[in-house]
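Comments concern the structure below.
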Amino acid sequence: MQVLMKIFSISRIAGTSIAGRFMLSAAMVLVVTGMRPPLQSPESRATQVKAVFLYNFTQFIGWPSSSFDDAQSPFVIGVLGQNTFGTYLSEVVENEKVNDRPITIKYFSSITPEVGECEILFIDKSFPAMKQVIQSTHGKPVLTVSDHEHFTKQAGILRFYIEGGKLRIEINQEATAGSGLEVSSKLLRIATLYKP
Amino acid sequence: MNSSIHDVDILLVEDNPDDATLVMRALKKCNLGNNLIHLSDGEQALNFIFGKGPFSDRKVEDKPKVILLDLKMPKVDGLQVLKAIREDERTRAIPVVIMTSSGEEKDIVATYASGVNAYVVKPVGFDNFSKAVAELGMFWLLVNQSPK
Amino acid sequence: MLLRHSPIKRKIRWVILLTSAAVLLFTFSAYFVYEVVTFRQTYARQLSVLAKIVANNSTAALAFNIEEDANEILLALKAEKHILAAALYDKHGNLFTHYSQSDAAPSLPRHLPQKQGSHHFEDSNLVVLEPVTQNNNALGMLYLKSDMDAMYDRLRLYATIGSVVIALSFVVAYVLSNRLQRSISRPVHALTRTAKVVSEQKDYSVRALKSGNDEIGYLTDAFNQMLAEIQAQNERIQSFNQELELTIEKRTHDLEAVNKELEAFSYSVSHDLRAPLRSINGFSRILLEDHGHVLGEEGVQTLNTIMRNGLRMGQLIDDLLAFSRLGKQSVTRLNLDMTSIAKTVTEELKGQYGNKTEVIIKQMPQIQGDSSMLRQVMQNLVSNALKYSMKKERPVVEIGSFKEHGEHVFYVKDNGAGFNMEYYNKLFGVFQRLHNGGEFEGTGVGLALVHRIITKHNGRIWAEAKENEGATFYFSIPSTKNETMLYE
């Protein structure tokens, strides 16, 4: 049921025509199995995978209860800088919940105090003040994710990178210290560990 | 015993004097009773035949021509006399006729086994009796002359 | 049943062996079935636990599309030699990665049917489908395929153990039954042996040994009691027999003595009674011959009467002796031609009674009987017939026979004086006469003699008559198989 809904929700990203929906579904299948769809650019395909990964992180990482104001507080995924996902990210998380909390997506163009209240904060690699963002979220239960090449080097927690045509994850374990985030060993297992 | 004891035609051994009288009368009627000696028991008969006792002056060789022997007699019976006669060489050839009133089979068999020459059952009727005696006497004395 | 004629010993042994074998087999079969059922369940459970672990481990790999990691996880299944194949499907049901034990690619479905968290048996394999979830979020599906060799190995082991146990039990049961059956078969065997001695050697003094107070013990007691009873009865019978033998011996002795006396009596009768008769007759005759002329007519008649009665008494004595002699005479059976006997007898008698009688002799069969006795019978009957018909104008005597109820019946028929049937019961008695001596002479012994002879031949004698019309005398002789049939 969930799977069917997912397919349905993804299909809405690409438009309303039935043919288009079918195409997207096929593309999604191919992405997951690691095959290239002939009609999509690697760029947009990687973005879509990133969106799914962002959602998937919610299941492999534990947030302390202190990161939420109350029981009704939503789970917030923030996007800082340029929004490369378009509406795709919101499509992916729509109707999903993390520990019974609805997921809300917030877009930021600059560093605001609200940025530090996100549970997951994606920082586009084009965002200039990378170091400041990392500093402002340091010690807070905010999972910082970016596709910036030196993100982990700069004490960011998770970094997306492409290897062998596949999207991979690099993690800086030290960066999570004091943040209250609990990274699942399973995630650690599949991720590349950043070593300075 | 009105004849010489040395020349006897018929020796009659019969204990019953009445029977003896009847036999002698029957023989006389046929003129056969002239040289007849009657003895009344077996013992006397043996003495006579073998020349013993009162007849010691008699010779055995002077055999009677025929002996009429009653079967049932006191002291020595007819069968014993018959046996004695047949056992002695000298007397063996003497014809012996057994006379008896018994028709019992066993007597017949016993006498024939001892070598009797003839056998006659003494009938009650006198006519038959005389007839039988006469026939026997005639036969043995006249027809069947024994060798001297 | 095959065991029906085998000894009890073997029967008991087989009963024990077969019973224990059946129980063991049943128990093992039940256990075996139970094992098969529970093993499948247990194994399915074990496999789904394994599937859960693997699924749990592969969440991240699926979530973040890390094929190598997923592969690595599946490769770890190599340690489980029964896992034939494993595969991970993504949440859309597409094959993500797979592992197979052998190089030959297993036939894995490219797309999974929508079966979740289930297991089922395919051929002889067990297939488990386990959803891969992280925090209740479905990430995909794990497919595990395992052979059931483990079960078969186990079942084989059980079968081996079972066979060994059954074989051992058989040996134990055999040894035990061998030992235990003795308590039953031994007393039975002992009883049988005793019974055999009794039935074969007729020795009723033996006793079976009692082994216990069970049914066989009771049987042994009863058997011994019966033996004792038989023995006692035998002894009683024996003593009775001995007594009886003694009695018979004594009786026989007595009888012999009586017989001897009787013989002596009849001998003296024949000898001693006849001598005085002879004298009476003889001297009467002499009196008549020598002194008849002085006696006168009356005296002569008196003498004649004396002589006639003397003769008659002599005849009586002769007949009586013949009759009593017959009692001890045994029948000597020879083939006899009754026709020729009748002819001879008739020839002899005809002269005596004058030749005016017509005698018809029919053809008669050969029979088996005593020659002199049956001649006597024929003689008496024919002489009677001639005698009693003599006074008729045309006397006719017929002699013949017929067959009736397996008997030869002979008859002598005359048309003479006959007799009154009223006196029939006196006909065959000794000294019984139905006519007085003045009419027909006779001693009254003849028919009694005939009756006695026929009885000795197991035959019957009877007569039919009518006064002044004649009489028919019948006698029957049972026919024997080997006689020659001259008529029929």
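Chains as they are written, first to last, in this note's numbering: chain E, 1 to 196; chain V, 1 to 148; chain X, 1 to 488.
We treat Cβ as the ideally placed atom computed from N, Cα and C, and that holds for glycine.
Under 8 Å, do A191 (chain E) and I171 (chain E) count as touching if we go by C-beta distance?
yes
At least one CB of chain X closer than 8 Å to the CB of D9 (chain V): is that the case?
no
List, from N- to C-terminal side, the alpha helix (DSSP H) runs of 4 residues or more that fit wholly inside the segment 92-173 of chain E.
130-137
Would A76 (chain X) pass as an interface residue toward chain E - the criterion being a Cβ-Cβ separation below 8 Å?
no
DSSP-derived helix/strand/coil call for Y99 (chain X)
strand
Kindly indicate which residue of V:T100, V:V60, V:L71, V:K75 has the alpha-carbon position closest to the one of R90 (chain V).
V:V60
F122 (chain E) to R154 (chain X) span [Cα, whole Å]
56 Å
Verify the CB distance criterion: does N361 (chain X) have a CB-CB separation below 8 Å to chain V?
The question names Asn, but residue 361 (chain X) in the sequence shown is Ile. No, no contact with chain V.
When the Cα atoms are used, what is the spatial distance from S389 (chain X) to G418 (chain X)?
8 Å
For N47 (chain V), which residues in chain X fall below 8 Å Cβ to Cβ?
In chain order: nothing, as chain X lies at least about 25 Å away.
Below 8 Å on the Cβ atoms is my guess for L490 (chain X) versus I166 (chain X); work out the distance and round it to an integer in Å.
An answer regarding residue 490 (chain X) cannot be provided, because it is not within the stretch 1 to 488 covered by chain X.
Proximity to A448 (chain X) [Cα-Cα], best of X:G429, X:R460, X:K456:
X:G429
Can you give the Cα-Cα distance for T58 (chain E) and Y107 (chain E), rounded to whole angstroms?
18 Å
Exposed or buried, which one is V453 (chain X) when buried takes at least 16 other CB atoms within 10 Å?
Looking at the sequence provided, one finds Ile at residue 453 (chain X) rather than Val. Flag for I453 (chain X) reads buried.
At what residue ranges does the segment 21-66 of chain V contain a whole run of the beta strand (DSSP E), taking only runs of 3 or more?
36-39
DSSP three-state label for G470 (chain X), please.
strand
Could you check whether the segment 303-310 of chain X touches the segment 340-353 of chain X, counting it as contact only if at least three pairs of C-beta atoms, one from each stretch, sit closer than 8 Å?
no
Helix, strand or coil, according to DSSP, for D414 (chain X) in the structure here?
strand
Helix, strand or coil at D18 (chain V) [DSSP, three-state]
helix
Helix, strand or coil for W140 (chain V) per DSSP?
helix
Express the C-alpha separation of E243 (chain X) and W14 (chain X) in angstroms, rounding to a whole number.
56 Å
Beta carbon of G97 (chain V), beta carbon of N117 (chain V): below 8 Å?
The displayed chain sequence assigns Val, not Gly, to residue 97 (chain V). Yes. Within cutoff.
So that I know if they touch, is there some Cβ in chain V lying closer than 8 Å to that of I248 (chain X)?
no
Counting only Cβ pairs nearer than 7 Å, list the residues of chain E close to Q134 (chain X).
Q59, F60
Could you work out which residues of chain V lie near R452 (chain X), taking near to mean beta carbons separated by less than 7 Å?
Ordered by position in chain V, no residue passes the 7 Å Cβ test against R452 (chain X), which lies about 18 Å from the chain.
Is the Cβ of I53 (chain X) closer than 8 Å to any Cβ of chain E?
no
Return yes when the Cβ of L108 (chain X) is within less than 8 Å of the Cβ of L88 (chain X), no when it is not.
no
At least one CB of chain A closer than 8 Å to the CB of A86 (chain X): is that the case?
The structure shown has no chain A; the protein chains it does contain are E, V and X.
At the 8 Å Cβ level, is A60 (chain X) part of the contact set with chain E, yes or no?
yes
Proximity winner among E:G178, E:I77, E:G139, E:T87, relative to S146 (chain E) (alpha-carbon distances):
E:I77
With a Cβ-Cβ cutoff of 8 Å, do S324 (chain X) and S266 (chain X) count as a contact?
yes
For A155 (chain E), which residues in the same chain have their Cβ closer than 8 Å to its Cβ, ignoring the five residues on either side in sequence?
I134, H138, N172, E174, A175
Under 7 Å Cβ-Cβ, which residues of chain V neighbour R394 (chain X)?
In chain order: nothing, as chain V lies at least about 33 Å away.
When the Cβ atoms of the segment 185-200 of chain X are set against those of the segment 218-229 of chain X, are three or more pairs found closer than 8 Å?
yes
Mind checking if N56 (chain E) is an interface residue toward chain X, Cβ cutoff 8 Å exclusive?
yes
Nonlocal neighbours in the same chain, by C-beta distance under 7 Å from A70 (chain X), ignoring five residues either side:
S58, A61, L62, L88, F96, T97
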